[in-house]
Structure formats: structure tokens, C-alpha cells
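Okay, structure first, notes after.
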Amino acid sequence: MEITAQITSKISQAATVLIIVAGDSGDSLAAGLALQGFLKKLEKETAVLSFTPKLNKLDFLQGFREAREELDVTKSFVIDVSTKQTQIEELSYKKEVDKLSIFIKPKKGQFEKNDISFRSSNFPFDLLIMIGVDSLDRLGQLYNENTELFFETPILNIDFKATNENFGQYNLVNLTATSNSEIVFDLINHIEATFIDEAIATQLLTGIISETESFQHVRTTPQTFLKASQLVSLGANQQEIISRLYKTKSLGLLKLWGRVLARLQQAPEISLVYSSINQTDLERSQASEEDVQTIIKEMSMQLGFAKLFLFFKEDQSNQTSVWCHSTLPVDLRQIFAQFKPKLLAYQTTYFSLNQPLSEAEKQIVSLLKSDIAKYKLNM
Numbered sequence: 220m221e222i223t224a225q226i227t228s229k230i231s232q233a234a235t236v237l238i239i240v241a242g243d244s245g246d247s248l249a250a251g252l253a254l255q256g257f258l259k260k261l262e263k264e265t266a267v268l269s270f271t272p273k274l275n276k277l278d279f280l281q282g283f284r285e286a287r288e289e290l291d292v293t294k295s296f297v298i299d300v301s302t303k304q305t306q307i308e309e310l311s312y313k314k315e316v317d318k319l320s321i322f323i324k325p326k327k328g329q330f331e332k333n334d335i336s337f338r339s340s341n342f343p344f345d346l347l348i349m350i351g352v353d354s355l356d357r358l359g360q361l362y363n364e365n366t367e368l369f370f371e372t373p374i375l376n377i378d379f380k381a382t383n384e385n386f387g388q389y390n391l392v393n394l395t396a397t398s399n400s401e402i403v404f405d406l407i408n409h410i411e412a413t414f415i416d417e418a419i420a421t422q423l424l425t426g427i428i429s430e431t432e433s434f435q436h437v438r439t440t441p442q443t444f445l446k447a448s449q450l451v452s453l454g455a456n457q458q459e460i461i462s463r464l465y466k467t468k469s470l471g472l473l474k475l476w477g478r479v480l481a482r483l484q485q486a487p488e489i490s491l492v493y494s495s496i497n498q499t500d501l502e503r504s505q506a507s508e509e510d511v512q513t514i515i516k517e518m519s520m521q522l523g524f525a526k527l528f529l530f531f532k533e534d535q536s537n538q539t540s541v542w543c544h545s546t547l548p549v550d551l552r553q554i555f556a557q558f559k560p561k562l563l564a565y566q567t568t569y570f571s572l573n574q575p576l577s578e579a580e581k582q583i584v585s586l587l588k589s590d591i592a593k594y595k596l597n598m
């Protein structure tokens, strides 16, 4: 049985589904919300959990506010009482400081020890759907604190990145797609295309536009445009999407962008531009963490003369956060392997160093210059 048919069968069998996304990825979050809306039409009890803070600029999407950033999946302790010999007349309990006593009164006779058994309840989900998560380790604390959940519950793994570790029982990893939203669109079309309404179409198109940087990304394909056109015909509100994603910028972001441009530096021999901000810049601009996360994307979109982009942020206690984006055919995760980088999006990585801003900037720029030279690329 081909993978899509297997997934369709598994979804039809599931009653409760948990969709796990990276909320700081517009594509991952939008795809998750779209899939949730679709599964609800299939009468599945569905929740969306983001293991990172959600992008507030997506708050116009249906289901955004209900998407959780925390979830209690603690198992219940179950006491089973056999009623074959006698029924229960009365059930009560007494709670003390360090003890809970449960009283079960039979209608007649008495309960014996072998009438009582103990167990843990099952987890409340029949299926986990992970969107845009290339490995379980990327979930961090969520995975470390709930390892049983991920081992005991079947996982559908949806992604388009080559770094995906295919960790699910069902792996829908399509390397020819340009976004997770495209993959989810294809999956919904396969199961029941007529369920795509304006809200779902808008969610899916938001994900595609976000991931392809409004179709400007080098990986954008004719298939991407075709699917976007289909979603518009299904009612996706393209004008609102563009307005929310690109035309509405906070004052904090605009002030921060000014500081980034003021400190912009180049290394033309590797087609690199880089900039940095310190704690004073953050305080004066009153920029949010979401504004900071947007800077590397702004650099890649607005500074098209370059092919490598570095952004440094001074954190407290002599730490520095680093974002890097590349349009060159290089492996950023391999270049920065010693820092254990996270892949945020296609060819965009993030990591932090226990160094002051100036030292971190000098080290990373030097590292890039030496490693990029090994690729012998034509700049």
C-alpha cells in the first residue's frame, strides 16, 4: 500500500489527533491550522500544539488563538474494580495531607483483593502529526519530558526538508515540495478535496507565501504557482495574506531595521552581508522577539545583491545569538556543526555562542570565509 493510502487509512481510524508545529515558522503553523480545520470536518477531535512561540502576525488565521503552546499529557492512574460478583452501592474518598483513601461499598457481600487491579491510562491521542519537524530532538523540552508519548503514539511526519530523519511510523517527506503547506494541500485533496473552504484555503496559501517569501525564493516551482492559483480559486484571501505578512510592520521592527542597516558590513569575496544589534538597540527600538526573528528574512529579501546573510544579536551574560541564511549551494548545518545549529527554514540556521558580540562576529565571519572558499563557487 502506498504511503498516502496508509496515511488516509490511519487518519480514518483515529478519533483524537495532536498536531505539533513550530509556531515561529509561518508555513508549519499555517499548515497545522489548515489540517486541524480539515480533520474537524472529518469529526476528529483535534488540537494544535506549538513547541515554539507563535508568530503573532498569523493571528488573522482561523484557529490561531486556540493553538496551544503548552499541553498536559500526564497519564491518569486507573483503579479497576470487577463487578462480576457484586455491584457498587457507594463510592467516596477521604483526602489527607499525604494520603487519599478511596471507599467502595458493595451492594452485598464484599470485594476481594483479586477484584481490584491498577494501571495507567492511555495517552489521550490516537495519532501525532508533526509538521516541519526534522527530528524529535528539535522538540527539546517537549520531547524530553514526554518521551513515552512519542514512543507509544503513532507519528505522521510531514516535511519537505532533506534534513528530516524520517522518524515517524508514517513519513510524508516530499523533497520536491517548496513548503509543508503544499504537502498538506495534496494530502487533503487526496482524502476529501470538497472539504477545503475559504478558511483552509487561506491558511494553506499563507503557508506557501510565507515559506517562498511571496514566490521570490529560488526553490519556487511551477507547481507552487499552480497550487497557489488553485487555492485562490477556492477562496483564499491573497490580499489579506500579503497585507498581514509584508505590508504591516511594527514600529519596533522598522527602528530595528534602521540599526541593522546602519551597521551593515560586507565580505564581497564570499557575497556575504552581515550586521548586529546590541541590548541598547533592543531597548531603544522597543522591538519584540518576533521582530528580531524577522530580521534575517528582511535581510535576504531586501539585500538581493548578496547570497550569504549573517545577523548577530547580543544577549545578556556575554552570549550571542546568530542567524544565517544562504542562497548558495552550501550546507550551513555542516559549516556550523560545532555550534549545534537549528534549521529554522530552508537554508536558514540559528545557534548561540557563549561569547561577547564582537568576538562572536569575528569568529563566525572568519569561519564562513574559510569554509565557503572550500566550495570553490563562482561568486
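For the sequence shown, position 192 (counting from the first letter as 1) is numbered 411 according to my numbering, and the numbering increases by one without interruption. Glycine included, each C-beta is placed from N, C-alpha and C at the ideal position. Computed from a prediction, not measured in an experiment: that's the story for all the values here.
**Prompt:** Helix, strand or coil: how does DSSP classify residue 487 here?
**Reply:** For this step, residue 487 is matched to residue 268 along the sequence shown. Looking at residue 487 - three-state DSSP - the assignment turns out to be helix.
**Request:** Starting from residue 455, trace the alpha helix (DSSP H) both ways and give me its first and last residue.
**Result:** Residue mapping note: residue 455 aligns to position 236 of the sequence shown, counting from 1. Taken as a continuous stretch (DSSP letters only), residue 455 belongs to no alpha helix (DSSP H), as it is neither H nor E.
**Touching by the beta-carbon criterion (3+ pairs, under 8 Å), the stretch 502-522 and the stretch 476-492** = yes
**Request:** Measure how close the beta-carbons of residue 426 and residue 399 come, nearest whole angstrom, since I'm counting them as under 8 Å.
**Result:** As a first step, residue 426 must be located in the sequence shown, where it is residue number 207. As a first step, residue 399 must be located in the sequence shown, where it is residue number 180. Going by Cβ atoms, the distance from residue 426 to residue 399 rounds to 6 Å, so yes, they are a contact pair.
**Item:** Cα-Cα separation between residue 362 and residue 272, rounded to whole angstroms
**Value:** To locate residue 362, count along the sequence shown from 1; it is residue 143. To locate residue 272, count along the sequence shown from 1; it is residue 53. Whole-angstrom Cα-Cα distance: 16 Å.
**Prompt:** Since residue 404 is in the alpha helix (DSSP H), which residue starts that stretch and which ends it?
**Reply:** The sequence position of residue 404 within the sequence shown is 185, counting from 1. Here the alpha helix (DSSP H) through residue 404 covers 399-411.
**Message:** For residue 323, which residues in the same chain have their Cβ closer than 7 Å to its Cβ, ignoring the five residues on either side in sequence?
**Reply:** Along the sequence shown, one-based indexing puts residue 323 at 104. Taken in chain order, the residues that qualify are 300, 307, 310 and 330.
**Euclidean distance between Cα positions of residue 313 and residue 320** = The residue given as residue 313 occupies position 94 in the sequence shown. The residue given as residue 320 occupies position 101 in the sequence shown. Between residue 313 and residue 320, the C-alpha separation is close to 5 Å.
**Asked** Hey, is the stretch 448-456 in contact with the stretch 288-298, meaning 3+ C-beta pairs nearer than 8 Å?
**Response** no
**Prompt:** Is the distance from the Cβ of residue 344 to the Cβ of residue 355 below 8 Å?
**Reply:** Locating residue 344 in the sequence shown gives position 125, where the first residue counts as 1. Locating residue 355 in the sequence shown gives position 136, where the first residue counts as 1. Their beta carbons are not under 8 Å apart, which means residue 344 does not touch residue 355 by this criterion.
**Message:** Within the continuous alpha helix (DSSP H) that includes residue 509, where are the two ends?
**Reply:** Within the sequence shown, numbered from 1, the residue matching residue 509 stands at position 290. Residues 508-521.
**Asked** The beta strand (DSSP E) with residue 312 in it runs from where to where?
**Response** Numbered from its first residue, the sequence shown carries residue 312 at position 93. Where residue 312 is concerned, the enclosing beta strand (DSSP E) stretches over 307-314.
**Message:** I'd like to check one pair, residue 395 with residue 439: are the Cβ atoms closer than 8 Å?
**Reply:** Taking the sequence shown and counting its residues from 1, one reaches residue 439 at position 220. Taking the sequence shown and counting its residues from 1, one reaches residue 395 at position 176. Taking 8 Å as the Cβ cut-off, residue 439 and residue 395 do not qualify as a contacting pair.
**Message:** Checking the sheet assignment: what are the DSSP bridge partners for residue 533?
**Reply:** Counting from one through the sequence shown, the residue named residue 533 turns up at place 314. Per DSSP, 539.
**Whole-angstrom C-beta distance between residue 267 and residue 282, which should lie under 8 Å** = Working through the sequence shown from its first residue, we reach residue 282 at position 63. Working through the sequence shown from its first residue, we reach residue 267 at position 48. Yes, residue 282 and residue 267 are in contact; Cβ-Cβ is about 7 Å, under 8 Å.
**Prompt:** With residue 524 and residue 542 assumed to form a contact (beta carbons below 8 Å), what rounded beta-carbon distance in angstroms separates them?
**Reply:** Reading the sequence shown from its first residue, position 305 is the one you call residue 524. Reading the sequence shown from its first residue, position 323 is the one you call residue 542. That belief does not hold up - the Cβ atoms of residue 524 and residue 542 are roughly 19 Å apart, past 8 Å.
**Asked** Which whole runs of the alpha helix (DSSP H) in the stretch 238-283 are 4 residues long or more, in chain order?
**Response** 245-260
**Where the alpha helix (DSSP H) containing residue 415 begins and where it ends** = Position 196 of the sequence shown holds residue 415. That residue, residue 415, is in no alpha helix (DSSP H); it is neither H nor E in DSSP.
**Prompt:** From 551, 460 and 242, pick the residue whose C-alpha is nearest to that of residue 418; which is it?
**Reply:** Along the sequence shown, one-based indexing puts residue 418 at 199. Checking every option, the nearest Cα to that of residue 418 belongs to 460.
**Asked** Is the beta carbon of residue 233 less than 8 Å from the beta carbon of residue 358?
**Response** Translated into positions along the sequence shown, residue 233 becomes position 14. Translated into positions along the sequence shown, residue 358 becomes position 139. No, they are not a contact pair.
**Request:** Compare the C-alpha of residue 484 against each of 444, 522, 325 and 350 and name the closest.
**Result:** Taking the first residue of the sequence shown as position 1, residue 484 is located at position 265. Comparing Cα positions, the closest option is 522.
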